[in-house]
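Residue numbers (UniProt numbering): 1 to 608. Ideal Cβ placement from N, Cα and C applies to all residues, glycine included. Everything below concerns the one structure shown next.
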C-alpha cells in the first residue's frame with residue numbers, strides 16, 4: 001500500500017477479482033437508491049473522540065482527512081475506496097446534489113471540510129446528511145466505510161448542550177441496522193469494557209456477531225500492560241465473532257513533522273516487527289493497517305454474500321407488492337374526449353355493479369350485509385319474544401282487576417271487550433321503540449357499506465366521491481322517513497285488534513271446524529284468546545318490520561343510488577368529474593420509480 005510501489009502486487013489483483021463484483025453490486029444498488037427500500041451491507045466506523053479513528057481511516061484511504069480539536073467528523077462520511085491497477089489517483093466527492101472531481105490528494109481535507117460547512121454550518125454542529133468520497137487508486141483495497149462523528153461528552157463553546165445525545169442518536173441509526181458491520185476504534189490504553197463506543201455497539205449487537213474492534217496507539221501503553229493488550233487482541237478478554245486488529249497510525253507529532261501516510265505505514269510495520277511482545281501478532285495476521293484493510297475487505301464481501309439471499313427475497317417481495325399497488329392506481333382518465341366518456345361510464349358502471357351485488361347479497365369484496373342484517377333482525381325477534389311474559393301477566397292482572405273493581409250490573413259470564421282491546425293496544429305500542437331501533441341500526445349498517453364502496457370506487461376522483469356520498473346521505477334519509485312512516489302505519493293497523501287467523505278461532509273452539517263465536521264469550525276464555533292474538537301480532541311484526549327495512553333501506557336505496565349515478569353521464573362537467581386527487585398522481589409517480597428501482601436491483605442480483 002506504499003505510494004512508492006511500481007505497480008499493483010499479484011495479491012492486490014487477485015483480491016480485486018474476488019471482491020470487485022460484490023463491492024460493485026452494492027455500489028450499483030446504492031446508486032439507484034435501493035436503500036430507500038431496504039438497508040444495504042456496510043461498515044460503520046465508530047469511536048470516542050481522540051480514539052485514533054481519523055488516523056485509521058487516513059491509513060486505509062491514503063489521504064489526509066480534516067483534523068482539529070473537538071468534533072472533526074461532523075457529517076457521516078462514506079469512503080468508497082476503489083483499487084484500480086495503474087490508474088492515476090482520482091477522487092469524486094458528492095453531497096446534496098453536488099459533485100466535484102479532483103486529482104490532487106492534498107485537496108481531500110479541504111473538500112470534505114467545505115462539504116461539512118455547507119451541510120452542518122460553520123462551527124461545531126453536526127448534520128445527518130451523507131457525504132460520499134470516492135477514491136480510485138492502485139494503493140487501496142476495494143472497501144466501503146462510513147465514518148461517523150466521534151462521541152463527545154462535554155460540549156465545547158458553540159456546541160448545543162445535548163451534543164452527546166445528538167451524536168449518539170446519529171450513530172445508533174447506522175449501527176442498529178442488521179446489515180451493518182460495526183467497526184469500533186479503541187485506544188490500547190483504554191479499558192475496553194468501559195469504552196462508550198463499544199458499549200453502544202453491544203446494545204445493538206450483544207453477541208458480537210457483526211462487530212470488529214481496532215486497537216490503536218499501541219506505542220502509548222504503560223510498560224507491563226502489553227500482555228493485557230495481547231489478551232484483548234487474541235479475543236480472550238471480551239470476545240467478538242469478528243475479533244480484533246491492532247494498528248499504529250500517525251500520531252500528532254508525526255503529522256506535525258509532515259510524515260506521509262506511506263512513510264507511516266512503513267514505520268508501523270517496523271514497530272510491530274521490532275516489538276518484543278507484539279511481533280507475534282504479525283504472524284497471526286492481527287496487526288498492521290495492511291492486514292486490517294484485507295480483513296475488512298473480506299469481511300465486507302462475506303457479509304454481502306450472506307446478505308444476498310435475504311436481500312433478493314425482500315426485493316422480489318417488495319417488487320410484487322409495488323407492482324400490485326401500481327396496477328391499482330394506474331389507468332388514469334385518458335385525454336381523448338370520447339375515451340374519457342367511456343372511462344367515466346366504466347367506473348360508474350363498476351360502482352353500480354358493486355352496489356347492486358351488495359344489495360342482493362352477491363358480494364365477495366365487502367362482508368355480506370345480509371349476514372349482518374340477520375343478526376339485527378334476530379335481536380328484533382328476541383324483543384318480541386321477551387315481551388310475551390309481560391303481556392300474559394298484564395292480561396291476567398286486567399281480568400282479575402275487572403272482576404274486583406269494574407264489574408257492574410252484568411252477570412259473571414260477560415266481560416267488557418273494550419277493556420281488553422286497550423290492553424292489547426297498550427302492550428303492542430311498546431314494541432314500536434325496538435322496531436325503530438332496528439331500523440336505525442340497519443340504516444347505519446347499509447350507510448357504512450355504501451360509503452366504503454364509494455371510497456374504494458372513486459378513491460382517485462374527489463368530485464365523484466363527493467357526489468356519491470351526498471346521494472347516499474340524501475337517499476338514506478329519504479328512505480328512512482318512508483320506512484318510519486310505514487312502520488308507524490303498521491302499528492296503527494295493529495291498534496285495530498283484528499285477525500282472521502285460524503289459531504285464534506281454534507282457541508275459541510278447538511272442537512269446531514267452523515269459526516262460530518256464539519256461546520263462547522265467557523270470562524275464563526279471554527286470557528287465552530288474548531295470548532293467542534298476541535302470537536298473531538308477533539308473527540305479523542316479526543316479518544313485516546324487517547321486510548319494510550330491507551326493501552326500502554337496502555334494495556330501493558341501491559336502485560335509486562344507481563339511477564342517480566347513471567344520471568351523471570348526462571352532465572357536461574366531464575373534466576371536473578374526472579379530475580384526480582393530486583396526491584394520486586404523486587403516488588403513481590413514486591410507485592413507478594420504485595418499480596424501476598426494484599426491477600433494476602432484481603435484475604442485477606439475479607445476474608451475479
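(message) Less than 7 Å between C-beta atoms, sequence neighbours within five positions excluded: which residues of the same chain meet that for residue 494?
(response) Here residue 494 corresponds to residue number 494 of the chain shown, with the count starting at 1. Counting only Cβ-Cβ distances below 7 Å, and skipping sequence neighbours, we find 428, 537.
(request) May I have the straight-line CA-CA distance separating residue 431 from residue 360, to the nearest angstrom? (result) On the chain shown, residue 431 is found 431 positions in, with the first residue counted as 1. On the chain shown, residue 360 is found 360 positions in, with the first residue counted as 1. Whole-angstrom Cα-Cα distance: 29 Å.
(message) Between residue 182 and residue 175, how many whole angstroms is the CB-CB distance? I'm expecting something under 8 Å.
(response) As a first step, residue 182 is located in the chain shown; it is residue number 182 there, counting from the start. As a first step, residue 175 is located in the chain shown; it is residue number 175 there, counting from the start. Confirmed, about 5 Å.
(request) Hey, could you find the ends of the beta strand (DSSP E) residue 305 is sitting in? (result) Here residue 305 refers to the residue found at position 305 when the chain shown is read from its first residue. Taken as a continuous stretch (DSSP letters only), residue 305 belongs to no beta strand (DSSP E), being part of the alpha helix (DSSP H) at 289–329.
(request) Find out if the Cβ-Cβ distance for the pair residue 608, residue 340 is shorter than 9 Å. (result) Here residue 608 refers to the residue found at position 608 when the chain shown is read from its first residue. Here residue 340 refers to the residue found at position 340 when the chain shown is read from its first residue. Not closer than 9 Å, so no.
(request) Identify which residue in 57, 197, 165, 87 has its Cα closest to the Cα of residue 143. (result) Against the chain shown, residue 143 aligns to sequence position 143. Considering only alpha carbons, the answer is 57.
(request) Specify whether the stretch 292–306 and the stretch 129–149 touch according to this definition: at least 3 beta carbon pairs, one from each stretch, less than 8 Å apart. (result) yes
(request) Please confirm whether residue 164 and residue 131 have their CB atoms less than 9 Å apart. (result) As a working mapping, residue 164 is identified with position 164 in the chain shown. As a working mapping, residue 131 is identified with position 131 in the chain shown. For residue 164 and residue 131, no; Cβs fall outside 9 Å.
(message) On the CB-based measure, 16 or more other CB atoms within 10 Å of its CB, does residue 352 come out buried or exposed?
(response) Taking the first residue of the chain shown as 1, we reach residue 352 at position 352. Within 10 angstroms of the beta-carbon of residue 352 lie 16 or more other beta-carbons, which makes it buried.
(message) Just checking: is the beta-carbon of residue 449 within a distance shorter than 9 Å of some beta-carbon in chain D?
(response) Checking the listed chains, one finds no chain D in this structure; it contains a single protein chain.
(request) Measure the Cβ-Cβ separation of residue 88 and residue 100 and say whether it is below 9 Å. (result) To locate residue 88, count along the chain shown from 1; it is residue 88. To locate residue 100, count along the chain shown from 1; it is residue 100. No, the Cβ-Cβ distance between residue 88 and residue 100 is not below 9 Å.
(request) Between the Cα of residue 570 and those of 382, 342, 435, spot the shortest distance and give me the residue it belongs to. (result) Along the chain shown, one-based indexing puts residue 570 at 570. Of the residues 382, 342, 435, the one whose Cα lies closest to the Cα of residue 570 is 342.
(request) Give the secondary structure of residue 97 by DSSP, where H, G and I count as helix, E and B as strand, and everything else as coil. (result) To locate residue 97, count along the chain shown from 1; it is residue 97. Correct three-state label for residue 97: coil.
(request) Consult DSSP for residue 204 and reduce its assignment to one of helix, strand or coil. (result) Position 204 of the chain shown holds residue 204. Judged by DSSP in its simplified three-state form, residue 204 adopts helix.
(message) In this structure, how does DSSP classify residue 499 when only helix, strand and coil are distinguished?
(response) Here residue 499 is taken as the residue at index 499 of the chain shown, counted from 1. Coil, per DSSP.
(message) As an exercise, report each continuous beta strand (DSSP E) stretch of at least 3 residues that is fully enclosed by the stretch 434–469, in chain order.
(response) With a minimum length of 3 residues, there is no unbroken run of beta strand (DSSP E) contained wholly in the stretch 434–469.
(message) If I measure Cβ to Cβ from residue 600 and keep anything under 7 Å in the same chain, skipping five residues before and after, which residues do I get?
(response) By 1-based counting over the chain shown, the position of residue 600 is 600. Result list for residue 600: 32, in chain order.
(request) Inspect the CB distances between the stretch 259–267 and the stretch 217–225 and report whether three or more fall short of 8 Å. (result) no
(request) Would you give the residue range spanned by the beta strand (DSSP E) that residue 214 belongs to? (result) For the purposes of this step, residue 214 is taken as residue 214 along the chain shown, with counting starting at 1. Per DSSP, residue 214 belongs to the beta strand (DSSP E) from 211–216.
(request) Run the CB neighbour count on residue 337, radius 10 Å, all protein chains shown included, and call it buried at 16 or more, exposed below. (result) Stepping through the chain shown from its first residue, residue 337 is reached at position 337. Residue 337 comes out exposed.
(request) Decide if residue 478 is buried, meaning its Cβ has at least 16 other Cβ atoms within 10 Å, or exposed. (result) For the purposes of this step, residue 478 is taken as residue 478 along the chain shown, with counting starting at 1. With fewer than 16 other Cβ atoms within 10 Å, it is exposed.
(request) Grab me the residues of residue 25's own chain with a C-beta within less than 8 Å of its C-beta, minus the 5 sequence neighbours each way, in chain order. (result) As a working mapping, residue 25 is identified with position 25 in the chain shown. These residues qualify, in order along the chain: 304, 604, 605, 608.
(request) Please report the residue range of the beta strand (DSSP E) in which residue 120 lies. (result) Sequence index remark: in the chain shown, residue 120 carries index 120 (1-based). For residue 120, there is no enclosing beta strand (DSSP E); the enclosing alpha helix (DSSP H) has its first and last residue at 108–120.
(request) Specify the secondary structure class of residue 389 as computed by DSSP and reduced to three states. (result) The residue you call residue 389 lines up with position 389 of the chain shown. Here residue 389 sits in helix by DSSP.
(request) Report yes or no: do the stretch 219–237 and the stretch 27–46 share at least 3 C-beta pairs separated by less than 8 Å? (result) At 8 Å Cβ cutoff, the stretches do not touch.
(message) Judging by CA-CA distance, which residue of 166, 383, 307 is the nearest neighbour of residue 22?
(response) Residue mapping note: residue 22 aligns to position 22 of the chain shown, counting from 1. Ranking 166, 383, 307 by Cα distance to residue 22 puts 307 first.
(request) Determine the burial state of residue 185: buried for a count of at least 16 other Cβ atoms within 10 Å of its Cβ, exposed for fewer. (result) Along the chain shown, one-based indexing puts residue 185 at 185. Under this definition residue 185 is a buried residue.
(message) Whole angstroms are fine: how far does the CA of residue 196 sit from the CA of residue 315?
(response) As a position in the chain shown, residue 315 is number 315, starting the count at 1. As a position in the chain shown, residue 196 is number 196, starting the count at 1. Spanning the two alpha carbons is a distance of roughly 36 Å.
(request) Excluding the 5 residues preceding and the 5 following residue 472 in the sequence, name in chain order all residues of the same chain whose CB lies nearer than 7 Å to its CB. (result) For the purposes of this step, residue 472 is identified with residue 472 of the chain shown, where counting begins at 1. Taken in chain order, the residues that qualify are 447, 450, 451, 454, 561.
(message) In whole angstroms, give me the CA-to-CA distance for residue 598 and residue 170.
(response) Position 598 of the chain shown, counting from 1, holds the residue named residue 598. Position 170 of the chain shown, counting from 1, holds the residue named residue 170. Answer to the nearest angstrom: the Cα atoms are 27 Å apart.
(request) Sort 357, 376, 532, 377 by Cα distance to residue 368 and report the nearest one. (result) The residue labelled residue 368 in the question sits at position 368 within the chain shown. The shortest Cα separation from residue 368 among 357, 376, 532, 377 belongs to 357.
(request) Measure the alpha-carbon distance for residue 434 versus residue 545 and round it to whole angstroms. (result) Within the chain shown, the letter at position 434 stands for residue 434. Within the chain shown, the letter at position 545 stands for residue 545. Rounded to the nearest angstrom, the two C-alpha atoms are 10 Å apart.
(message) Is the beta carbon of residue 483 closer than 9 Å to that of residue 610?
(response) Given that the chain is displayed from residue 1 to residue 608, the structure contains no residue 610 and the question cannot be resolved.
(request) Indicate whether residue 229 and residue 292 have their beta-carbon atoms separated by less than 9 Å. (result) In the chain shown, the residue the question calls residue 229 occupies position 229. In the chain shown, the residue the question calls residue 292 occupies position 292. No, the Cβ-Cβ distance between residue 229 and residue 292 is not below 9 Å.
(message) On a Cα-Cα basis, can you pick out the residue from 462, 549, 491, 437 that is closest to residue 476?
(response) Along the chain shown, one-based indexing puts residue 476 at 476. Ranking the options by Cα distance to residue 476, first place goes to 549.
(message) Using the three-state DSSP reduction, which class does residue 75 fall into: helix, strand or coil?
(response) Residue numbering aside, residue 75 sits at position 75 when the chain shown is read from its first letter. It is coil, neither helix nor strand.
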